[in-house]
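Below you'll find the structure, written out as structure tokens, and then a few comments.
There are 2 protein chains.
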Amino acid sequence: MLIFHHKLNGVLLEKADTLIYGCTVLPMNGKYFIEDGAIAIKDGKIVFVGKASLVTSIKAENRINAKGKVAMPGLINCHTHAPMTLFRGFAEDKPLTVWLREAIWPLEAKLRAEDVYVGALLGCLEMIKSGTTCFADMYFHEEIVARAVEQSRIRAALAQGIIEAGNKELGRKMFRESVGFAKKFNGHADGRITVLLGPHAVYSCSQDLLREVSEKASELGVGVHMHLAESKEILQGVSEVEFLEEIGFFKSCVLAAHCINLTENDMHILSKRGVNVVHVPVANMKLGLGAARIKDLISLGVNVCLGTDGPASNNTLDMFETVKFAALLQKLTYMNPTVLSAYEVLKMATMNGAKALGLADKVGSLEIGKRADLILIDFSKSHLKPLHDVFASLVYSARGSDVDTVIVDGKIIMENRHVKSLDEISIIEEAEKTAADLLAR
Amino acid sequence: MLIFHHKLNGVLLEKADTLIYGCTVLPMNGKYFIEDGAIAIKDGKIVFVGKASLVTSIKAENRINAKGKVAMPGLINCHTHAPMTLFRGFAEDKPLTVWLREAIWPLEAKLRAEDVYVGALLGCLEMIKSGTTCFADMYFHEEIVARAVEQSRIRAALAQGIIEAGNKELGRKMFRESVGFAKKFNGHADGRITVLLGPHAVYSCSQDLLREVSEKASELGVGVHMHLAESKEILQGVSEVEFLEEIGFFKSCVLAAHCINLTENDMHILSKRGVNVVHVPVANMKLGLGAARIKDLISLGVNVCLGTDGPASNNTLDMFETVKFAALLQKLTYMNPTVLSAYEVLKMATMNGAKALGLADKVGSLEIGKRADLILIDFSKSHLKPLHDVFASLVYSARGSDVDTVIVDGKIIMENRHVKSLDEISIIEEAEKTAADLLAR
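Note that the protein sequences, when read in sequence, are chains A and B. As numbered in this note's numbering, residues 7 to 447 make up the first sequence, in order. As numbered in this note's numbering, residues 7 to 447 make up the second sequence, in order.
Spelled out as structure tokens, the structure:
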């Protein structure tokens, strides 16, 4: 008990804004949990994590009796394109190039800023309802995504996408916009929004542009969010990773999604350069692209986190699902059930995600001094009974729909599955209208 | 419209027991759906499937306005060990043999009939809550599982397990019990229970015993439920499938779970002998056993259905999850996103399952004259919006928790997620007590 007790201070003992008590608490800064635990929140920050018996006398505006629930850090989705909710289920079971060329790109060409807003709101809604408190997004009209993030009260690391695709003019324009977005929106929405630059991929941006992006990111002190080694593309005889290494790209802090097709040398480069790898198991399987070798990356010390990808290739934003897919896909890939334990994969979905987004000191675990981003999961349901192992139950049995309460930056944004920050019905109606209109254009 | 209209008759037009209307109906006897559809049920049977506008004047005791919902046949789980809910999350991330020898078998040795009852009830509850209306079970004390099935009002094809494991005496005893169970329980619970014989696997039963099981099954006119080619076991230089072929085992109607490790010749034998293959993607991945080559089996004309396996190796009984895993695992295995379309995998979870259990004339699709086993899925939720493709949405986005209403044999056993046939809270309490007691024994 002492490990928590000594951190109590006078202020806390008197008053908090929110006190959650009676639940099992998984701080996720180590493989342990606290039964009959409590979390106290003041001014958006966690001011107590420990046994509920230590804070019985505390006064709090919101007292949440969380008996029968599990409290843990909110899940962090490190790679998505949230506005693509609008394309969910559109053009299914097709090869990647057909899907992109004949379905997704023609629709995206017709996308207006107001469509992106509706799609992003629907994405934020879906993420909140399934326990995600922070996401890394890369898309067009990212300033509109920022508006949706601000409104929904979720946390996000946003990047305006840059695609050159052989058109230098276009590349320069998108680069300027990505930089402009980053300068304007870093720290936006009371600090809940942070930014990255968003070069789409090695094959869609030129060497010169990638070099500039990397230099600019270092200059601005922000990271770079990109797709890496998703397909088997080879550039001038070297792998994508070798190519980026050669041009010095990894001097900036890189968030690299997918990383399926890596040589051993590639893995060593990613490790040496401290690249953050986002594993995206559901979309990688759905598009038949292959399985990243996450166990190898982890054993080389690479920080691996998780992402859903856009809902057009998943088709959800449900990180609980991604957590289960990630664990099972690694066990299959290595034909070994001991690979990627339940605790390890939950860490990927929380603390490793926070690290990857440069938010390790802010979120990702339940610790005194961190911002209060956390979720309560209702463990009263039949598929979670009996409870032998809380980590295994969260990974192998729990569902996004079991998330009952979501708190971001200390604010309760969902309680008893009711989202407080957004009007669910009107967002859904708008999204349906927008999707129909988009198809008719 | 005519395809449905001509099937209407005088009796139906006057009165039904239950009328469901306003929903999108997926009959699953072809790749089509009916918008603003209706289903009428009388005496447990489907008496109408078609446009709601055709049955506006019909009288019915229960009128269910299902606007915004999707109606489809209930899902059929073709391989599980339902009472193993008690072991959910017990001993995780361990190699198969350690898991079995050090965790599962010692616990099973302590299992009493009353424990199996509680575990089976919890399993039935979980299945109903996630849209399964019929399951194939193999375990010990199967007469107790039958009691749980009768009480919960679900449908099931049950097999008392037979394990010889080198002990001829034990083998003969379990064989007699499996036959005794089959004779006693076929057609039980108003016909909702059918039976199979349950030889555990090739490696756990002798050649003589397997031959006798096969002959007895043919004599009784029942099928055989077993594990097949789950591991890489080789017997006397031949594969498990070749071995069974040589001893004439496939003369009986076989439901073979897993079928991961098959040679091309094995696949041809399964096809030639009309063996029904149960694909079990979640448990196969979780235990690191490999991926069955379902596309190849289908192209050889094999009837492939789906199963969850027991909740100790899954760790749920959620067929919606299994449907998504099945589709994605095949796309990954063949590195091709066009493999196993959404419609095909839904057919595996419904009609193919009915065929595999010898229930094709009774359930598996929504057709006039079939028993009314169906589910309503609530499509109002954010992760199911917008709706571009109902088949894709059911496979890639829907969750067991989106199932709103469950009807088995014409009876509404869940409505608005409230299970009517079982007392949810007391079952969960009993299961927790039983699991704790089991560990303490």
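Heads up, the beta-carbon is just placed ideally off N, CA and C, and yes, glycines get one too. For clarity, every value in this text was computed on a predicted model and none was experimentally measured.
The alpha-carbon separation between residue 208 of chain B and residue 54 of chain B amounts to approximately 45 Å. Collapsing the DSSP output to three states places residue 434 of chain B in a helix. The beta-carbon of residue 392 of chain A is placed less than 7 Å from the nearest beta-carbon of chain B.
The C-beta distance from residue 98 of chain B to residue 408 of chain A rounds to 18 Å, too long to meet the 8 Å contact threshold. From the beta-carbon of residue 344 of chain B, the residues of chain A found nearer than 7 Å are 99, 100, 101.
Under the three-state reduction of DSSP output, residue 324 of chain B falls in the coil class, being neither helix nor strand. Here DSSP, grouped into helix, strand and coil, assigns residue 242 of chain B to coil. Interface criterion met: the Cβ of residue 395 of chain B is under 7 Å from a Cβ in chain A. Look at the stretch 292-304 of chain B: the residues with a C-beta under 7 Å from a C-beta of chain A are 292, 293, 294, 296, 297. For residue 311 of chain B, the uninterrupted beta strand (DSSP E) run begins and ends at 310-312, by DSSP. Put simply, the stretch 40-47 of chain A does not touch the stretch 283-291 of chain A. Fewer than three CB pairs are less than 8 Å apart.
Apart from sequence neighbours up to five positions away, the residues of its chain that approach residue 151 of chain B with a beta-carbon distance below 7 Å are 88, 89, 122, 126, 143, 145, 164, ordered along the chain. Counting along the chain, residue 233 of chain B sits inside the beta strand (DSSP E) bounded by residues 229-234.
Three or more Cβ pairs closer than 8 Å define a contact, and the stretch 410-423 of chain B meets that threshold against the stretch 67-81 of chain B. Nearest to residue 348 of chain A by C-alpha distance, out of A/330, A/357, A/27, is A/330. For residue 38 of chain A, there are no C-beta contacts with chain B under 9 Å, since the nearest C-beta of that chain is about 16 Å from it.
With contacts defined as CB atoms closer than 7 Å, residue 356 of chain A and residue 33 of chain A fail to qualify as a contacting pair.
Within the stretch 402-422 of chain B, those residues whose Cβ lies closer than 9 Å to any Cβ of chain A are, in chain order, 402, 403, 405, 406, 407, 408. Look at the stretch 317-373 of chain B and you find these whole runs of alpha helix (DSSP H), each 4 residues long or longer: 325-339, 348-355, 357-362. Between residue 438 of chain B and residue 56 of chain A, the alpha-carbon positions lie close to 25 Å from each other. Within a 10 Å sphere around the beta-carbon of residue 388 of chain A sit 16 or more other beta-carbons, which makes this residue buried. Note on the stretch 45-84 of chain B: whole beta strand (DSSP E) runs with a minimum of 3 residues are 51-57, 65-71, 75-79, in chain order.
In the DSSP annotation of this structure, residue 408 of chain A is not part of any beta strand (DSSP E), being labelled neither H nor E. Checking the DSSP bridge columns, you'll see residue 420 of chain B partnered with B/412, B/425. From the beta-carbon of residue 110 of chain B, no residue of chain A is found nearer than 9 Å; the closest lies around 12 Å away.
The residue among B/227, B/398, B/317 with its C-alpha nearest the C-alpha of residue 91 of chain B is B/317. Here residue 220 of chain A is near residue 258 of chain A, since their CB atoms are less than 7 Å apart. The alpha-carbon of residue 38 of chain B is positioned some 30 Å away from that of residue 264 of chain B.
Contacts with chain B at 7 Å (Cβ-Cβ) do not include residue 137 of chain A. For residue 144 of chain B, no alpha helix (DSSP H) encloses it; the enclosing beta strand (DSSP E) starts and ends at 138-145. When DSSP states are grouped into helix, strand and coil, residue 205 of chain A belongs to the strand group.
For residue 282 of chain B, the enclosing beta strand (DSSP E) begins and ends at 282-285. Against chain B, a Cβ distance below 8 Å from residue 288 of chain A picks out 334. About 4 Å separates the Cβ atoms of residue 272 of chain A and residue 247 of chain A, confirming a contact at the 8 Å cut-off. Inter-residue distance for residue 169 of chain A and residue 119 of chain A is about 18 Å (C-alpha atoms, whole angstroms). In the structure shown, the three-state DSSP call for residue 377 of chain A is strand.
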